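Okay, structure first, notes after.
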Amino acid sequence: MTETQAKSFPEVSQSLWFERKWPSLYEAFEDGRIDEKRLQETFAHYLPKADPGKWLWIGIDASKIARPDAVTSEDRTTQHVHSLPECKKPITFGWQFSTAVVLADPASSWTYIQDQQRVASQTTAIEVAAPQLRRLAPHLPKNAIVVLGRGYDANWLWCRCSALDIGALGRLKSNRCLYRPAPAPTGKKGSPPKDDAKLQPKDPTTHGEPDGTWKGTNAKGRPVEVTSWKHMHIKQARWLEVTISRVGNCALHQNNSLQVALGERIADAYLT
Numbered sequence: 001m002t003e004t005q006a007k008s009f010p011e012v013s014q015s016l017w018f019e020r021k022w023p024s025l026y027e028a029f030e031d032g033r034i035d036e037k038r039l040q041e042t043f044a045h046y047l048p049k050a051d052p053g054k055w056l057w058i059g060i061d062a063s064k065i066a067r068p069d070a071v072t073s074e075d076r077t078t079q080h081v082h083s084l085p086e087c088k089k090p091i092t093f094g095w096q097f098s099t100a101v102v103l104a105d106p107a108s109s110w111t112y113i114q115d116q117q118r119v120a121s122q123t124t125a126i127e128v129a130a131p132q133l134r135r136l137a138p139h140l141p142k143n144a145i146v147v148l149g150r151g152y153d154a155n156w157l158w159c160r161c162s163a164l165d166i167g168a169l170g171r172l173k174s175n176r177c178l179y180r181p182a183p184a185p186t187g188k189k190g191s192p193p194k195d196d197a198k199l200q201p202k203d204p205t206t207h208g209e210p211d212g213t214w215k216g217t218n219a220k221g222r223p224v225e226v227t228s229w230k231h232m233h234i235k236q237a238r239w240l241e242v243t244i245s246r247v248g249n250c251a252l253h254q255n256n257s258l259q260v261a262l263g264e265r266i267a268d269a270y271l272t
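Position 27, counted from 1, in the sequence shown is what full-length UniProt numbering calls 27; the numbers after and before it change by one each time, with no gaps.
Dropping the structure here:
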């Protein structure tokens, strides 16, 4: 159904991507759903093994498939199309999917898909990603790290990722607020403070002294600096400790984005 040119059932059967005869297409629609569990086990069987001492990077993101002419298709949603020529309404209608893949190292257009789920109109990509990762985690090695874009900066998702036996690394929104551990009780009357100083990515004056800094060079010989702040938390889930990191060269780029690392083992290994 990812054939973008076909607008009717017969045209789908004539697609270059559909190599069987047209009767098998009807049979596929009649048989119903694919055995998702078996399919995911097949994907996991061909999972590439990371080199010793390296991480296996898993990416998850939502993508859209436009279906403006599929008027009989259920549950289509509106989609912004930034590449359309100038017009009053640069939108179309279609489906959205959440896909988890292995990120190739070195970077490549080829990848290993691990799971794909439909994002229905009554849910969001974040709500679909959480159960996806929960089902996928048992098939992944301990040295796997899931990377998340800014669109997945959500307390709800962080809490669920922390229960997985794999690490997670995500970009922070610039207005996100995190807090350092609460100071020791002073003995004064009243409730002791539950949070210490705030850290906000877009406000360098709140960053304060980091807990660690590493300097070196990347594969291209360019200078790299990694700065980290450990034992940070959010007010809505103070029990969840995270590590904040900044990767870049502060002398050249003052607006380096910040990332959040979930899992102390992952944070220590990734930032050292």
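Note that beta-carbon positions come from the ideal geometry of N, C-alpha and C, so glycine has one too. On a predicted model such as this, the values are computed, not experimentally measured, just so you know.
DSSP-derived helix/strand/coil call for residue i
{"i": "R238", "result": "strand"}
{"i": "E127", "result": "helix"}
{"i": "W229", "result": "strand"}
{"i": "P201", "result": "coil"}
{"i": "Q132", "result": "helix"}
{"i": "L140", "result": "coil"}
{"i": "G216", "result": "strand"}
{"i": "W156", "result": "helix"}
{"i": "G187", "result": "coil"}
{"i": "residue 273", "result": "Summary: the structure shown does not reach residue 273, with the chain confined to residues 1 through 272, and so no result is reported for it."}
{"i": "P10", "result": "helix"}
{"i": "R118", "result": "strand"}
{"i": "T206", "result": "helix"}
{"i": "G151", "result": "helix"}
Neighbourhood of residue i by C-beta, 8 Å cutoff - its chain only, sequence neighbours within 5 removed
{"i": "L103", "result": "W57, I58, G59, T111, V147"}
{"i": "P193", "result": "A182, P183"}
{"i": "Q116", "result": "F97, S98, T99, A100"}
Buried versus exposed, by CB contacts within 10 Å (16 or more), residue i
{"i": "V71", "result": "exposed"}
{"i": "I113", "result": "exposed"}
{"i": "P10", "result": "exposed"}
{"i": "Y46", "result": "exposed"}
{"i": "A184", "result": "exposed"}
{"i": "S63", "result": "exposed"}
{"i": "L164", "result": "buried"}
{"i": "A107", "result": "exposed"}
Alpha-carbon spacing of residue i relative to residue j, whole angstroms
{"i": "Q79", "j": "E30", "result": "29 Å"}
{"i": "W239", "j": "H233", "result": "7 Å"}
{"i": "N155", "j": "A237", "result": "8 Å"}
{"i": "V119", "j": "A125", "result": "6 Å"}
{"i": "A6", "j": "S15", "result": "7 Å"}
{"i": "V247", "j": "W214", "result": "10 Å"}
{"i": "N218", "j": "L169", "result": "19 Å"}
Proximal residues to residue i (C-beta, below 6 Å), its chain only, five neighbours per side dropped
{"i": "I166", "result": "A137, L140, A144"}
{"i": "K198", "result": "C177, Y179, T206"}
{"i": "C161", "result": "A168, L262"}
Residues of its chain near residue i, where Cβ-Cβ distance is below 7 Å and the 5 sequence neighbours each way are ignored
{"i": "D196", "result": "Y179, R180, P181, A182, P183"}
{"i": "T123", "result": "none"}
Just list the alpha helix (DSSP H) runs in the segment 12-92, keeping only unbroken ones of 4 residues or longer that don't cross its boundaries, in chain order. 22-31, 36-45
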